[in-house]
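The structure appears right after this line, and notes come after that.
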Amino acid sequence: MYVPPEWPAEVRPPSVPDWESSATTWLLDALPPDYRLHEVLRRFPIALASMASYHVNSAIEAARAGYRKAAVDLKDHLPPHAVEAVLDVYRHEGPRLVRLARSIDVVGHALRGEGFTATLRGRGRPTGPSSG
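Following our numbering, the numbering of the sequence shown begins with 111 at its first residue and continues without gaps.
Here it is in structure tokens:
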């Protein structure tokens, strides 16, 4: 079974029995620890994927806003090299969060029963009942 390049290495492919348990563990790892307290998220991994998507996409927006404002907000409180180091953190974390969001998206599609087909550009496209 084809899985797109965004598929996380920690999650077994959907063609493997009980792959959802690895998806659940991985999705919980993408969220703050307190999300593990809610049994409903373990029982319904589609809901977990949805919550993880909203959470990570909010973190992306927060990182973008932080990056835009960090130099101004911090210039009077930190030396210039420290401000630049903070901006480097945003430059590193922003793309990581975007990759994570893409991975959460493809896992969510698979949890909804959608398969993937390879496209010429190499990115998987979901197929299935809700991909139209």
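Cβ atoms here follow ideal geometry from the backbone N, Cα and C, with glycine treated the same way.
Query, Result
"Per-residue DSSP class, three states only, for glycine 218", "helix"
"Host beta strand (DSSP E) of glycine 225 (start-end)", "225-227"
"Where glycine 242 sits in the DSSP three-state scheme", "Reliability of the predicted coordinates at glycine 242 is poor, the pLDDT of 42 falling under 50, and the value obtained from them is presented with this limitation in mind. DSSP places glycine 242 in coil when its eight states are reduced to three."
"Alanine 195 burial status per 10 Å Cβ neighbour count (16 or more: buried)", "exposed"
"Cβ-Cβ distance between valine 121 and serine 131 below 7 Å", "no"
"Sufficient close CB pairs (3 or more, under 8 Å) joining the stretch 173-180 to the stretch 195-206", "yes"
"Neighbourhood of aspartate 215 by C-beta distance below 8 Å, restricted to the same chain and skipping five residues each side", "Glu116, Ser163"
"Between the CA atoms of arginine 146 and leucine 207 - distance to the nearest angstrom", "20 Å"
"Residue span of the alpha helix (DSSP H) that contains tyrosine 59, given as start and end", "This structure cannot speak to residue 59, because the chain is shown only from 111 to 242."
"Nearest-angstrom Cα separation, counted from alanine 169 out to leucine 137", "15 Å"
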